[in-house]
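J.: Chains P and R, in that order, are what the protein sequence lines are.
All letters in the first sequence, in the order written, are residues 691 to 905 by the numbering used here.
All letters in the second sequence, in the order written, are residues 691 to 905 by the numbering used here.
We treat Cβ as the ideally placed atom computed from N, Cα and C, and that holds for glycine.
Remember, predicted model here, so these are calculated numbers, not experimental data.
Just passing along the structure, written as structure tokens.
Number of protein chains: 2
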Amino acid sequence: MADTAIARRGTRPSADATRDAILTAALDEFAERSFDGATMRAIATRAGVTQPLLNYHFSAKDELWRAAVDRLFASLDRVIAARAAGLRGVDELTATKLIVREFVEFSARNPQLHRIITAESKTDGPRLDWLVDHHVRPIYDATTNRFARLTELGLLPDVAPVHLYYLLTGGAATMFVLAPECRRLAGIDPFADDTIAAHADAVVALLFGSSEPER
Amino acid sequence: MADTAIARRGTRPSADATRDAILTAALDEFAERSFDGATMRAIATRAGVTQPLLNYHFSAKDELWRAAVDRLFASLDRVIAARAAGLRGVDELTATKLIVREFVEFSARNPQLHRIITAESKTDGPRLDWLVDHHVRPIYDATTNRFARLTELGLLPDVAPVHLYYLLTGGAATMFVLAPECRRLAGIDPFADDTIAAHADAVVALLFGSSEPER
DNA sequence: GTCTATAATTAGATAGAC
DNA sequence: GTCTATCTAATTATAGAC
Numbered sequence: 691m692a693d694t695a696i697a698r699r700g701t702r703p704s705a706d707a708t709r710d711a712i713l714t715a716a717l718d719e720f721a722e723r724s725f726d727g728a729t730m731r732a733i734a735t736r737a738g739v740t741q742p743l744l745n746y747h748f749s750a751k752d753e754l755w756r757a758a759v760d761r762l763f764a765s766l767d768r769v770i771a772a773r774a775a776g777l778r779g780v781d782e783l784t785a786t787k788l789i790v791r792e793f794v795e796f797s798a799r800n801p802q803l804h805r806i807i808t809a810e811s812k813t814d815g816p817r818l819d820w821l822v823d824h825h826v827r828p829i830y831d832a833t834t835n836r837f838a839r840l841t842e843l844g845l846l847p848d849v850a851p852v853h854l855y856y857l858l859t860g861g862a863a864t865m866f867v868l869a870p871e872c873r874r875l876a877g878i879d880p881f882a883d884d885t886i887a888a889h890a891d892a893v894v895a896l897l898f899g900s901s902e903p904e905r
Numbered sequence: 691m692a693d694t695a696i697a698r699r700g701t702r703p704s705a706d707a708t709r710d711a712i713l714t715a716a717l718d719e720f721a722e723r724s725f726d727g728a729t730m731r732a733i734a735t736r737a738g739v740t741q742p743l744l745n746y747h748f749s750a751k752d753e754l755w756r757a758a759v760d761r762l763f764a765s766l767d768r769v770i771a772a773r774a775a776g777l778r779g780v781d782e783l784t785a786t787k788l789i790v791r792e793f794v795e796f797s798a799r800n801p802q803l804h805r806i807i808t809a810e811s812k813t814d815g816p817r818l819d820w821l822v823d824h825h826v827r828p829i830y831d832a833t834t835n836r837f838a839r840l841t842e843l844g845l846l847p848d849v850a851p852v853h854l855y856y857l858l859t860g861g862a863a864t865m866f867v868l869a870p871e872c873r874r875l876a877g878i879d880p881f882a883d884d885t886i887a888a889h890a891d892a893v894v895a896l897l898f899g900s901s902e903p904e905r
């Protein structure tokens, strides 16, 4: 991050803000319409600039996609690392429950994360290769290692970690990924604070069999 | 189904088989690449016909999409109805566990179902309207009514049905929707028979707290 | 019914002025 | 850095022969 700031020294003052606006617009468009459905023109309009300017800041559509995804995962990593750092000394089961809650909350505040993962992970291709190698694998390894330790301690049902991983990520994120559907079906706003908290309660209760949320 | 057969009486013998091949190809393409990413040419090639023939059988791209989705949901409805019919007289908890297992199995054998739902339910639009009105709402209502009854009997944790619905559908389907990712991360084939069975076990165990699969 | 050929539209990317 | 104008390629859909 310091690197890029240094690398971009000498650019005009507005450039960084423009780059940022483009990345935000790109993330939303890619998440809502998937890679093929998102057009460079739509992203430009959403960012309040003209379309060729995107090709000035990012040489091609898929480079823009990678930059937007990088920023999103950096945000996730920052949030989870900060939460974990505040839990040193706490027993592993309680720490895991609280990290899971943080993950549910992040999934709700940033539905783009799982929308993009889902869109790209359905089919093999260069974007999936990149996504797994650069971002998903470290998260998967850390999560399944944690589950394996808890299962060994008898604190989780004896289920292979890969199943727990997809139960957790799918169960936590789907209501927010499918927010427009959820609004129609249930008549509720999944992004309301109390709905997010209730969903976090439900995820933790089903995974760990506890009905008492801890904070 | 009898209706369409009657309505199409008089067509040449090969027409029905061609229509069917097109629908199968369309479902796979739409599921893998989403609506915008799927091209009529790719569908035609996969079906072994030329592109303009799709516009002969289906007037436009989104009519083809609807026809393919209709056939898939008809298959789901048939499978679940058959399973439920075989469970008359069985107590509701056991029946629900077995229907959930059937649903997990169907999600594995037909990952197109949740791939298409996910792609379309991220954004409001005419295809989501149609999808919810014609297919998802009846399933949602039946599922949440069942959950509400079981919760009232104390057989499910006291969690609002909408949360259970998204925990179930997301938890059951995600591993199969993201099969290419899962292969890379865990090095396993999620579509292997024993993996599907293990995932069904895990879903039932976490939802209903039972570790003994029933059949 | 199914094909070949093609029209009309829209996409991503580049050239060049300011 | 950001714009206007435009190129090339690819898309859906239609016309018309067989």
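Closest Cβ-Cβ distance between Ser-797(R) and chain P: below 7 Å?
T.: No, its Cβ sits nowhere closer than 7 Å to a Cβ of chain P.
J.: Compare the beta carbon distance of Ala-711(P) and Gln-802(P) with 7 Å and say whether it is the shorter of the two.
T.: Taking 7 Å as the Cβ cut-off, Ala-711(P) and Gln-802(P) do not qualify as a contacting pair.
J.: Among the residues of its own chain, which have a CB less than 7 Å from the CB of Arg-836(P), if the five just before and after it don't count?
T.: Counting only Cβ-Cβ distances below 7 Å, and skipping sequence neighbours, we find Thr-786.
J.: Nearest-angstrom Cα distance between Thr-885(R) and Leu-868(R)?
T.: Looking at the two C-alpha atoms, the distance is approximately 14 Å.
J.: Quick check on Leu-744(P): does DSSP put it in helix, strand or coil?
T.: In the structure shown, Leu-744(P) sits in a helix (DSSP, three-state: H, G or I).
J.: Given a limit of 8 Å on CB to CB distance, which residues of the region 715–733 of chain R reach chain P?
T.: Within the region 715–733 of chain R, the qualifying residues are Ala-721, Glu-722, Arg-723, Ser-724, Phe-725, Asp-726 and Gly-727.
J.: Going by C-alpha distance, which of Ala-775(P), Asp-891(P) and Asp-814(P) is nearest Arg-873(R)?
T.: Cα-wise, what sits closest to Arg-873(R) is Asp-814(P).
J.: Going by Cα to Cα distance, which pick from Asn-745(P), Glu-795(P) and Asp-718(P) is closest to Arg-761(P)?
T.: Considering only alpha carbons, the answer is Asp-718(P).
J.: Is Arg-791(P) buried or exposed, if buried means 16 or more other CB atoms sit within 10 Å of its CB?
T.: Buried: at least 16 other Cβ atoms inside 10 Å.
J.: Are the CB atoms of Ala-798(P) and Phe-866(P) within a distance shorter than 7 Å?
T.: In contact: Phe-866(P) and Ala-798(P) (Cβ atoms closer than 7 Å).
J.: With distances taken from CA atoms, which of Ser-724(P), Glu-810(P) and Leu-713(P) is nearest Arg-736(P)?
T.: It is Leu-713(P).
J.: If we cut at 7 Å on Cβ distances, does Gly-860(R) have a partner in chain P?
T.: Chain P, which has a Cβ nearer than 7 Å to the Cβ of Gly-860(R), makes this yes.
J.: Residues of chain R with CB closer than 9 Å to the CB of Lys-812(P), please, in chain order.
T.: Within 9 Å Cβ-Cβ: Ala-721, Glu-722, Arg-723, Ser-724, Pro-801, Arg-805, Thr-808, Ala-809, Val-867, Leu-868, Ala-869, Pro-870 and Glu-871.
J.: How is Ser-749(P) classed by DSSP in three states: helix, strand or coil?
T.: Coil, per DSSP.
J.: According to DSSP, simplified to helix, strand and coil, what is Gly-738(R)?
T.: It is coil, neither helix nor strand.
J.: Against chain R, does Leu-857(P) count as a neighbour if the rule is that its beta carbon must be under 7 Å from one of theirs?
T.: Yes, Leu-857(P) counts as interfacial toward chain R.
J.: Can you say whether Tyr-746(R) is buried or exposed, counting buried as having 16 or more other CB atoms within 10 angstroms of its CB?
T.: When all chains shown are included, Tyr-746(R) counts as exposed.
J.: Run down chain R in chain order and give the residues with a C-beta less than 7 Å from the C-beta of Tyr-830(P).
T.: Within 7 Å Cβ-Cβ: Leu-875.
J.: Are the C-beta of Pro-847(P) and some C-beta of chain R separated by less than 7 Å?
T.: Chain R, which has a Cβ nearer than 7 Å to the Cβ of Pro-847(P), makes this yes.
J.: Taking the straight line between their C-alpha atoms, what separation do you get for Ala-635(R) and Leu-818(P)?
T.: No answer is possible for residue 635(R): it lies beyond the span of chain R, which begins at 691 and ends at 905.
J.: By the DSSP assignment, the alpha helix (DSSP H) with Arg-873(R) in it spans what residues?
T.: Taken as a continuous stretch (DSSP letters only), the alpha helix (DSSP H) holding Arg-873(R) covers 869–876.
J.: For a minimum of 3 consecutive residues, which ranges assigned as the beta strand (DSSP E) are wholly contained in the region 753–833 of chain P?
T.: List check, beta strand (DSSP E) in window: nothing returned.
J.: Cutting at 7 Å between CB atoms, please list the residues of its own chain near His-889(R), excluding the five before and the five after it.
T.: These residues qualify, in order along the chain: Val-794 and Met-865.
J.: From which residue to which residue does the alpha helix (DSSP H) around Asp-883(R) run?
T.: Here the alpha helix (DSSP H) through Asp-883(R) covers 883–898.
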